[in-house]
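Working notes for the structure below.
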Amino acid sequence: MDGIIEGYASLFGVTDQAGDRVAPGAFTRSLTKKGASGIRMLYQHLAAEPVGVWTLIKEDARGLFVRGRLLAGIGRAREVLALIRAGALDGLSIGFRTINAVRRPGETVRTLTEIDLWEVSVVTFPMLDAARVTSVKARADMCFKTRTPHLREGRP
């Protein structure tokens, strides 16, 4: 049975470990051009390890919300689903190319204002600690486990 996962792959206004902060609207052009089907779901950012498909990727007031399907016919996807259900894996991370960014004089933080999104990976250690899978389901009406409920409430 395929596993449906959802969560936030990026949160607006939150600085990651590399010193990047994503501005609202940064994904708009890329998502308009590619849609969810044009963004790959990978395991640990490995291009040779696709594990599913993203069915919904959208910007909302909090950040980049994603929903996708881990494919039961792929061995690694079954492993990822088992690890998510066990609470051993729940990070999300974006793979992208920076189109536009702003760094104010004297600041170390770079604000990303336009991003070409390539992929969203399920990862062990996300660069943005709050980017997490928030739920996993076996089918749309059956939720097995909800992770990091504070993300649903709008707190980073």
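Start counting the sequence shown at 161; every next residue gets the next number (my numbering).
The C-beta atom is built at its ideal place from N, Cα and C for all residues, glycine as well.
All figures in this text were calculated on a predicted structure; none of them were measured in a lab.
Simplified DSSP state of residue i, which is helix, strand or coil
i: Gly198; result: helix
i: Arg245; result: helix
i: Glu267; result: coil
i: Gly179; result: coil
i: Thr258; result: strand
i: Gly235; result: helix
i: Val240; result: helix
i: Thr308; result: A caution first: Thr308 carries a pLDDT of 46, below 50, which makes its placement in the model unreliable, though a value can still be read off. Of the three classes helix, strand and coil, the one that applies to Thr308 here is coil, per DSSP.
Through-space distance from residue j to residue i, alpha-carbon basis
i: Ala208; j: Met201; result: 11 Å
i: Asn260; j: Val182; result: 11 Å
i: Val293; j: Glu166; result: 6 Å
i: Gly233; j: Thr175; result: 36 Å
i: Phe285; j: Pro265; result: 30 Å
i: Gln204; j: Arg270; result: 24 Å
i: Asp276; j: Thr268; result: 22 Å
i: Leu230; j: Val262; result: 35 Å
i: Lys193; j: Asp289; result: 28 Å
i: Gly147; j: Gly173; result: Lying before the first or after the last residue shown, residue 147 is absent from the chain, which here runs from 161 to 316.
i: Trp214; j: Ser190; result: 15 Å
i: Glu239; j: Ala248; result: 11 Å
Closer than 7 Å: residue i CB and nearest the ligand NAD heavy atom
i: Val240; result: Summarising the ligand content, the structure contains no ligands, and the ligand NAD is consequently not present.
According to DSSP, residues forming a beta bridge with residue i
i: Phe225; result: Tyr168, Lys218
i: Gly212; result: Met201, Leu230
i: Arg189; result: Bridge partners of Arg189: none, in fact.
i: Asp276; result: Arg257
i: Leu206; result: Tyr203
i: Gly251; result: Val283, Arg292
i: Gly163; result: Leu230
Integer-rounded CB distance, given that residue j should sit under 8 Å from residue i
i: Val280; j: Arg245; result: Not quite, the Cβ-Cβ distance comes to about 19 Å (not below 8 Å), so this is no contact.
i: Leu272; j: Asp180; result: 6 Å
i: Ala186; j: Glu274; result: 6 Å
i: Val283; j: Leu252; result: 7 Å
i: Leu243; j: Arg227; result: Not really, about 19 Å apart at Cβ, beyond 8 Å.
- [ ] Please determine if the region 168-179 and the region 213-223 are in contact, where contact requires at least 3 C-beta pairs separated by less than 8 Å.
- [x] yes
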